[in-house]
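Below is one structure, written out as structure tokens, with a few remarks after it.
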Amino acid sequence: MSDPGRAYLYNSSSKQQASNPQNKHRRSSSWAKGGSNQPDLPGLPRQGSQSLSRQGSALRNSSHEPHLLAPAAAAPPLRAEGSPQKDLRGPDRWDLAVGNLEDARVAFDVIARAVEDAVYLDEEAYKQVQPTMQFTVRLQAQQHRITELEQQLDEANERLLVVEHACQESQKQASALQEELDSNAEVFKMHYGELLAKEDELSKLRVVVQALSGR
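Everything in the sequence shown is counted per this note's numbering, starting at 7 for the first residue and increasing by one.
Okay, structure coming up:
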């Protein structure tokens with residue numbers, strides 16, 4: 007009796023219909039009725055195929071759904087302390103490992119085909135979507151450029167505020183200096199007026215001295 011899961015993986019029609027969920031119940035019924043009429047696996051010894059078939063029968067009895075992979079069946083159970091260990095270098099274990107690798111490869115091909123069918127776009131749909139994609143790319147580029155320009159404008163405004171603050175400080179300093187100069191000018195005018203008054207007094211005193219000396 008062969009494993010229905012492996013028979014499904016190696017069936018080309020099942021590979022093509024792997025992504026169709028409507029055939030799931032039909033395949034399950036056909037596997038349940040297959041029995042021992044399923045052929046042995048290609049590329050593997052008959053002894054390894056029979057071992058895998060026995061494991062597939064045990065899995066089918068424990069669950070109604072078929073299993074695509076059976077990596078847990080190939081691993082031997084952990085032995086307790088003091089219990090005898092089965093020979094792990096026998097042909098059965100090698101056949102199981104090779105069979106599991108083949109199952110993994112076929113399952114990966116089925117999954118890759120399903121993903122390719124899910125994401126594939128035909129030429130007409132691609133031509134219809136391409137202008138929208140190009141417009142979206144240009145729009146994103148323009149938005150990115152607008153964001154950069156806004157950042158540059160903010161930086162320029164910050165620098166302008168700094169310059170305006172410095173200019174205001176300079177104007178305040180200039181006003182203070184102008185007030186100081188005006189004060190100094192007033193003081194100079196006052197001192198100059200006092201000097202002129204002193205000069206007039208000296209001139210008058212000279213005239214008096216000359217008049218007194220002429221007598």
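No residue lacks a Cβ here, since even glycine has one placed at the ideal position from N, Cα and C.
- One alpha carbon belongs to R144, the other to L167, and they sit about 34 Å apart.
- Taking the CA atoms as reference points, Q136 sits about 24 Å from I152.
- Rounded to the nearest angstrom, the gap between the Cα atoms of D101 and T142 is 54 Å.
- N163 is classed as exposed because its beta carbon has fewer than 16 other beta carbons within 10 Å across all chains shown.
- One alpha carbon belongs to L155, the other to E192, and they sit about 55 Å apart.
- The beta carbon of V215 sits closer than 7 Å to no other beta carbon from its chain once the five residues preceding and following it are set aside.
- Here D206 is exposed: its Cβ has fewer than 16 other Cβ atoms, across all protein chains shown, within 10 Å.
- Q157 and H150 have their C-alpha atoms some 11 Å from each other.
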